[in-house]
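One structure is given here, and the rest of the page talks about it.
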Amino acid sequence: MAISKWIPVRNISDDEKIWSGTKVRIYHVGLKVTDMNDDYYEYLVSFIFDNNEHLQLTNLTQGKAGNILCVLKKDTPNHYALGKTLKDRIGLENTFVLVT
Numbered sequence: 031m032a033i034s035k036w037i038p039v040r041n042i043s044d045d046e047k048i049w050s051g052t053k054v055r056i057y058h059v060g061l062k063v064t065d066m067n068d069d070y071y072e073y074l075v076s077f078i079f080d081n082n083e084h085l086q087l088t089n090l091t092q093g094k095a096g097n098i099l100c101v102l103k104k105d106t107p108n109h110y111a112l113g114k115t116l117k118d119r120i121g122l123e124n125t126f127v128l129v130t
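Under the numbering used here, residues 31 to 130 are what the sequence shown spells out, in order.
And the structure:
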């Protein structure tokens, strides 16, 4: 079984393939929580119905679920976006990607 690990977005390569199903966390979003480690929004990279050019980051966090953070242009004709696109769209600060 593969071990999953959250890594900073800044540490992924520009050529990293960002597939649908990838999870992204943005920390220090201002949630009223007792533990600062719980102060994050979690997003899922997913396909957009009837759109072959983009992927979207959909919020999975309770109370915000379903909200779209941004879209990522696919590396056409492939069905993934590149790490450089993810970095450009969501920034580098307090942002982590789940790598398996």
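For each residue, glycine too, the CB sits at the ideal point set by N, CA and C. Values in this document were obtained by computation on a predicted structure and should not be read as measured data.
1) Would you identify the three-state DSSP class for isoleucine 42, choosing helix, strand or coil?
2) Is the CB-CB distance between valine 129 and isoleucine 56 below 8 angstroms?
3) So, with DSSP's three-state summary, where would you put leucine 122?
4) What first and last residue would you give for the beta strand (DSSP E) that runs through serine 76?
5) When you compare each of Lys35, Asn41, Arg119 and Asn124 to glutamine 86 by their alpha carbons, which one comes out closest?
6) For a quick check, are the C-beta atoms of serine 76 and serine 50 less than 8 angstroms apart?
From the atom records:
1) Residue state, collapsed to three classes: coil.
2) Contact flag unset, no.
3) In the structure shown, leucine 122 adopts coil according to DSSP, grouped into three states.
4) For serine 76, the uninterrupted beta strand (DSSP E) segment begins and ends at 70 to 78.
5) When only C-alpha atoms are compared, the closest one is Arg119.
6) Closer than 8 angstroms, so yes.
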